[in-house]
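Numbered per my numbering, the sequence shown finishes at 369, counting up by one with no gaps.
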Amino acid sequence: MLKTTPLNAVHRAAGARMVDFGGFDMPLHYGSQIDEHHAVRRDAGMFDVSHMRVVDLEGPDARAFLRYALANNVDKLTVPGKALYTCMLAEDGGVLDDLIVTFVREDFFRLVVNAGTADADIAWLGRLRDTHAPTLAIRPRTDLAMIAVQGPNARAKTWRALPGSEAATAELKPFSAAAFDDVFASRTGYTGEDGFEIVVPAARVAETWSALVAAGVKPCGLGARDTLRLEAGMNLCGQDMDARTSPLESGLAWTVDLVSPREFVGKAALLASPPSRRLAGLLLLDGGGVLRAHQRVHTPRGDGEITSGTFSPTLSRSIALARLPEGVADGDVVEVEVRDKRLRARVVKPPFVRNGAVKVALT
């Protein structure tokens, strides 16, 4: 039996095509994935992301606990509402999950973790808590739901839809959050566009969704979310990185603080194993195929593998993220095995698209 979000009936009433995603019954699209993609790049679209899990950590040891549990350094969070992107690592340095942590108070931090790893994440945090911070309260918030509103007009349309939202969030900088009424809004997202991720009580999320529709925000499904995040060069947990791969080989070195003297789970393993591969972008130069996950990439330095690939609606070109041997440089031309053919692709530095602008040369 698939799990459902509090918006499941709303999606079905709107005629969404539903699919199994991480054990949840989720909308793939509402008719045209391409139209939904362009709505986010050009105007405003929204996604039901209630399958992701909000986890609140409360107690006087919250900061010290997260300082040890997370690869990025929560000591960077000194202003209430400030958020940080980070990974949770296994002892061997593999990526258990990527997440966002927000500083609410000195004794209260909020995490948002991925749906497919949520139960394992909570169990892992619990085991770590029992050893390092036994009085810390870990509260999975199953009473909450979340909507991501993304696009160049996302903030303005959110302000139109939700009373009190403009006053509370107009001055928010990216990766910051604010609370108003029973809403917790953060200026974050997974599309490469501006906008909010809005946490509301599950009992009120359908009302919030309807208000956003009335304000002109287009409902979007997982299909557009994937093409948008890949154009933005954003990793998908379980695909572009997982427990078998290091964040240093997954384009996530910037999320790992190896400079400060603090210890954290996985640090010793990362220091002992310098990366031999890196995650890079690929832009297909030849026609006749689409780049997809697990296709082999041939380079003068050895073979690599595509981790995520798609046809980019913004670029009208196939793009991918690929794990390649160290020494393969941006600008190099490599060959990808696509249906028994070798097609040329250029190595590029992601993102491909950010804030509506193309960031890579197409010729």
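From the three backbone atoms N, C-alpha and C, an ideal C-beta is built for every residue, glycine too.
Where does Y91 sit, in a helix, a strand or coil, going by DSSP? The DSSP-derived three-state label of Y91 is strand.
Which of the three DSSP states, helix, strand or coil, is assigned to Q156? Here Q156 sits in strand by DSSP.
I'd like the ranges of any beta strand (DSSP E) spanning at least 3 consecutive residues and lying wholly in the segment 29-59. The segment 29-59 is shown to contain whole beta strand (DSSP E) runs of 3 or more residues at 30-35 and 51-54, in chain order.
So L76 is in the alpha helix (DSSP H); what residue range does that whole segment cover? For L76, there is no enclosing alpha helix (DSSP H), since its DSSP letter is neither H nor E.
What are the boundary residues of the alpha helix (DSSP H) that includes S252? Premise fails: S252 is in no alpha helix (DSSP H) and is neither H nor E.
Could you tell me if I40 is buried or exposed, where buried requires 16 or more neighbouring beta carbons within 10 angstroms of its beta carbon? With fewer than 16 Cβ atoms within 10 Å of its Cβ, I40 is classed as exposed.
In terms of DSSP beta bridges, what is R116 paired with? In DSSP, R116 forms a bridge with D62 and T108.
Give a yes or no on whether the C-beta atoms belonging to R323 and L285 are separated by under 8 angstroms. Taking 8 angstroms as the Cβ cut-off, R323 and L285 do not qualify as a contacting pair.
Are the CB atoms of R283 and E332 within a distance shorter than 8 angstroms? Cβ distance < 8 angstroms, so E332 and R283 count as in contact.
Can you look up L83 in the DSSP assignment and give me helix, strand or coil? When DSSP states are grouped into helix, strand and coil, L83 belongs to the coil group.
Are the CB atoms of F114 and E237 nearer to each other than 8 angstroms? The Cβ atoms of F114 and E237 do not sit closer than 8 angstroms to each other.
Delimiting residues of the alpha helix (DSSP H) encompassing T137: Residues A124 to H138.
Between the C-alpha atoms of F181 and M240, what's the straight-line distance to the nearest angstrom? One C-alpha to the other measures close to 15 angstroms.
Every unbroken alpha helix (DSSP H) within the segment 172-260, with a cutoff of 4 residues, ordered by chain: Listed in chain order, the alpha helix (DSSP H) elements of length 4 or more contained wholly in the segment 172-260 are 211-220 and 228-237.
Apart from the five residues on each side of it in sequence, which residues of its chain come closer than 7 angstroms, Cβ to Cβ, to K82? The residues are L90.
According to the neighbour-count rule (16 or more other Cβ atoms, all chains shown, within 10 Å of its Cβ), is H304 buried or exposed? Its Cβ having fewer than 16 others within 10 Å, H304 is exposed.
Residue range of the alpha helix (DSSP H) that H304 falls in? First-last for H304: R302 to T305, but that is the beta strand (DSSP E), not the alpha helix (DSSP H).
How far does the alpha helix (DSSP H) with V16 in it extend, from its first residue to its last? Counted as a single uninterrupted DSSP element, the alpha helix (DSSP H) harbouring V16 occupies residues N14 to A19.
When you compare the CB positions of V101 and S314, do they come within less than 8 angstroms of one another, or not? Between V101 and S314, the gap from beta carbon to beta carbon reaches 8 angstroms or more.
Would you grab the beta carbon distance between M52 and L218 for me? Rounded to a whole angstrom, and I think it's under 8 angstroms. Going by Cβ atoms, the distance from M52 to L218 rounds to 6 angstroms, so yes, they are a contact pair.
Identified DSSP bridge partners for L289: Per DSSP, I325 and R352.
Using only the alpha-carbon positions, how far apart do E199 and A75 sit? Computed Cα separation, rounded: 29 angstroms.
Taking the DSSP output, what are the residues bridged to K365? In the DSSP output, where bridge partners are listed per residue, K365 has none listed.
DSSP-derived helix/strand/coil call for T148: Three-state DSSP puts T148 in coil, outside helix and strand.
Should P225 and A77 be called a contact, given that it needs their Cβ atoms to be closer than 8 angstroms? Not in contact: P225 and A77 (Cβ atoms no closer than 8 angstroms).
Return helix, strand or coil for A68, following the three-state DSSP convention. In the structure shown, the three-state DSSP call for A68 is helix.
Can you give me the start and stop residues for the alpha helix (DSSP H) that K273 sits inside? That run of the alpha helix (DSSP H) goes K273 to A278.
Would DSSP call T313 helix, strand or coil? Strand, per DSSP.
Is F71 closer than 8 angstroms to A22 when the C-beta atoms are compared? Cβ distance not < 8 angstroms, so A22 and F71 don't count as in contact.
With H, G and I counted as helix, E and B as strand and the rest as coil, what does DSSP make of R360? Of the three classes helix, strand and coil, the one that applies to R360 here is strand, per DSSP.
CA-CA distance, G229 and T197? About 12 angstroms.
Can you tell me which of G195, A20 and L349 puts its alpha carbon nearest to the alpha carbon of I325? Of G195, A20 and L349, the smallest CA-CA separation from I325 is found for L349.
For D54, the nearest candidate out of D98, V223 and P86 (CA to CA): Nearest of D98, V223 and P86 to D54, Cα basis: V223.
CB of D188 within 8 angstroms of CB of G170, strictly: Against a cut-off of 8 angstroms, the Cβ pair of G170 and D188 comes out as no contact.
Within 10 Å of its beta-carbon, does G294 have 16 or more other beta-carbons around it, so buried, or fewer, so exposed? Looking at its Cβ environment, which holds fewer than 16 other Cβ atoms inside 10 Å, G294 is exposed.
How close, in whole Å, do the beta carbons of L34 and G227 come, if the pair is a contact with beta carbons under 8 angstroms? Beta-carbon to beta-carbon, L34 and G227 are separated by about 5 angstroms, close enough to satisfy the 8 angstroms threshold.
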